[in-house]
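Numbering-wise, the sequence shown is residues 37 to 257 according to our numbering. Glycine included, every Cβ here is placed at the ideal spot set by N, Cα and C. Note that this is a predicted model, so its numbers are computed, not measured.
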Amino acid sequence: MTITLPAPPPRVARLPRNRVGYPVPWFVGVVDGEPDFRVVGPGKMDGAVTFRCCWICGGSLINRTLGPAATQYAYVVGPMCAVNRTSAEPPAHRACAIYAATACPFLTTPGMRRRDSRLPENAAEPDGVMIRRNPGVALVWVTNTWRMIPGYRLFHLADPAETLWFAEGRPATRDEVLDSIDSGLPLLQAEAEQDDDPDRALVTLALQYERALELVPGGGE
Ligand SMILES: [Zn+2]
């Protein structure tokens, strides 16, 4: 099997590679002696939160020269996260996040399905509602603000400095992004209908959806 990958940024180039040749992200756990990209390694979430290290390369996210105000947090998320502004995974460097969004086979190949088989029994489910589908579009959400949702291991996506949308390893088109968001919306609507106050939750969701559309590329045409 031959794989073609975009040129990695230096921090990713230093990572070990798996047998197929993919750089192994820092967060990845080992199952039966092999890195399993679906599994978060022990201590990685705590380490990322405590030390604010990049989820992908493990290096510090804090800009030591210019300080926290100049620090960027780049989340690699699915398009629905632009609606509910939540990520279950900690942020990365901007360059590391873009690399993941363009090189990760799950994120770049819309037809590829998540493999849930043979996950170790103690694989932890992330907090929050996970949308288990391949969105086809990967979003890199860059913000200067670190904010967790109190009581959960969830990250709030603060107002973005930049949003970058990708499909199949290249910038996504407006239609691809809109298709992806619209196909995922019923899942969030079904979730809102289960809320204690479904009417209010549905109105909130409609407002979140409108706000997300402002971030879709090509809106000014
Ligand atoms: Zn990094």
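Outcome for residue i when other beta-carbon atoms lying within 10 angstroms are tallied against a minimum of 16
i           : result
residue 166 : Legend: pLDDT at residue 166 = 46, less than 50; position of this residue unreliable, no value from coordinates given.
residue 216 : buried
residue 120 : buried
residue 109 : buried
residue 220 : buried
residue 101 : exposed
residue 243 : exposed
residue 48  : buried
residue 53  : exposed
Short Cβ contact (8 Å threshold) for residue i with residue j
i           : j           : result
residue 179 : residue 203 : no
residue 65  : residue 77  : yes
residue 253 : residue 210 : yes
residue 107 : residue 97  : yes
In DSSP terms, what residue i is bridged to
i           : result
residue 111 : 177
residue 65  : 72
residue 89  : 96
residue 207 : 202
residue 183 : Answer is none; residue 183 lacks a bridge partner.
Residue i CB to nearest heavy atom of ligand 1 below 7 Å
i           : result
residue 50  : no
residue 77  : no
residue 140 : no
residue 88  : no
residue 83  : no
residue 134 : no
residue 236 : no
residue 92  : yes
Candidates the options, of which the one nearest residue i by Cα
i           : options           : result
residue 181 : 248, 95, 88, 117  : 88
residue 189 : 81, 61, 235       : 81
residue 79  : 54, 132, 126, 200 : 126
residue 55  : 46, 103, 63, 73   : 73
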